[in-house]
Amino acid sequence: MSGKIANYLSLLAKYLGRVKFQHETVFHSKNKEEENKDEADKIKTNSSGTKTYQQSLPHVLSNYGLDNNRQKKKKSAKVRKERRTKRRTEFLEDEERDKEREKLKEEKYLSVVDDLHKLKNYYYREYRDLLTEKIIRQRLEIKDKSEAMLASARQKEQEEREANKSKARMTKHKLVHNEDFLKNVEITETARIVNLQTKLQKEGKLKSQSDIDEFWRNIKNPNANEKYFDKNRGETPDSVFGGKIATANRPLSQINESSESSRPTTRGENWAVTQQYKHQHKGPGNRQKNNSSAAKQAMDKRFASVDMPPLHCFTMDLSEKPPDPEMINKRVQLKAIEKQRKKFMGKLHKMHQLAMANNALASRFSVVQSLNPPQILSGQTAQSTSDP
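So in full-length UniProt numbering, spot 5 of the sequence shown is number 5, and the numbers just go up one at a time.
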């Protein structure tokens, strides 16, 4: 559209330039004829045929001002001619310049249009590539979904077929506890040590982990092992281990809770006390006494008495807590301050009212005195004389 408008304007400019040029040529030809006539008047020919110019003396009509008018007309015509030529040259230059501008504009417009077409093609190719990638991805997703659906359907069909098939029932398994084969199995040394450990734990001689560790350290001694498992000698575990199993230190046999002074609690001092056992030093004199209490200790070990601690639910204090004395003092102080403030504000309002009343009364007295002060004074004197 812009290209068509530019072509139309260029054609119109050409047409106007031609019309103007024709008009200027006609006008220029007329001026040239007038100049030729003037020159013919100046130039005179002799009888011999030689050209002679007019004398340089002033013309007779110059006294009347006619010659000056003619000269002025010639000068103005010359100036007009120069102006016309100048305008014509300027017009031609402007026309050429306009043509160049239009040409540059057209080239720029064509380059912009070409760039736009290139940009359009580039984005079209980008869109086409992205669209093809999206279509391929969607096709792959649809293919995967369809394959997964077909696989699930086939699996369901196979499961249904297998479920409908009649299965041969296996014989019911019966669990049998038969340990006769262990009689022919040779007992290893480690198994004997483990059996000895369980036996000592049942008797209450191995109570803590430290006792068990010490038992394993002593049992690894080859001399002690040979002594204990020698059937001819018949030593007991106490003689083998030197009484260390029964007299070992038990740091975890008594556990007492350390009560903190910074955190008051409702629990007792020794609420987490575990079952306490007295250390017994076995000797030839104490064996008879311990035999009578062995059953009792075994029962106490199996069924230990549990001391329930004083729980918080049994010692809760649901009564209302007394108010904080600091808060009570603050409230009393606030009430006293509020009372003093109200009293002070009452006095201040009363003083303000009295001042306003005195001001109004003084203004009234000043108005009355400004109107007729002698009458007021005479009336006051008359009243004072008539009163007694």
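All C-beta atoms, glycine included, are put in the ideal place defined by N, C-alpha and C.
Check	Outcome
Member of Lys202, Gln340, Lys335 and Lys343 whose CA lies at the smallest distance from the CA of Asp300	Lys202
DSSP three-state assignment for His352, whether helix, strand or coil	helix
Residue burial classification, Phe303 (beta-carbon count within 10 angstroms, cutoff 16)	exposed
Presumed contact (8 Å Cβ cut-off) between Phe181 and Gln197, rounded CB distance	Going by Cβ atoms, the distance from Phe181 to Gln197 rounds to 24 Å, so no, they are not a contact pair.
Nearest-angstrom Cα separation, counted from Lys156 out to Ala163	10 Å
Simplified DSSP state of Asp180, which is helix, strand or coil	helix
Backbone secondary structure at Ala362 - three-state DSSP	helix
Inter-residue Cα distance where the pair is Ser76 and Leu116	58 Å
Ile142 versus Glu107 - alpha carbon distance	52 Å
DSSP state of Asn221 mapped onto helix, strand, coil	coil
Per-residue DSSP class, three states only, for Asp98	helix
Simplified DSSP state of Ser146, which is helix, strand or coil	helix
Buried versus exposed, by CB contacts within 10 Å (16 or more), Leu200	buried
Residue nearest to Ile219 in terms of C-alpha spacing, selected from Phe314, Arg192 and Leu371	Arg192
Leu371 versus Gln353 - alpha carbon distance	28 Å
The alpha helix (DSSP H) enclosing Glu320, as first and last residue numbers	No alpha helix (DSSP H) contains Glu320, which DSSP labels as neither H nor E.
Simplified DSSP assignment, three categories, for Gly204	coil
Secondary structure of Glu186, DSSP reduced to three states	coil
Lys205 classed as buried or exposed, judged by whether at least 16 other C-beta atoms fall within 10 angstroms	buried
Three-way DSSP call (helix, strand, coil) for His117 in this model	helix
Asp211 burial status per 10 Å Cβ neighbour count (16 or more: buried)	buried
Lys165 (DSSP reduced to helix, strand or coil)	coil
Through-space distance from Glu126 to Glu95, alpha-carbon basis	46 Å
Through-space distance from Thr188 to Lys207, alpha-carbon basis	25 Å
Cα-Cα separation between Val176 and Val185, rounded to whole angstroms	19 Å
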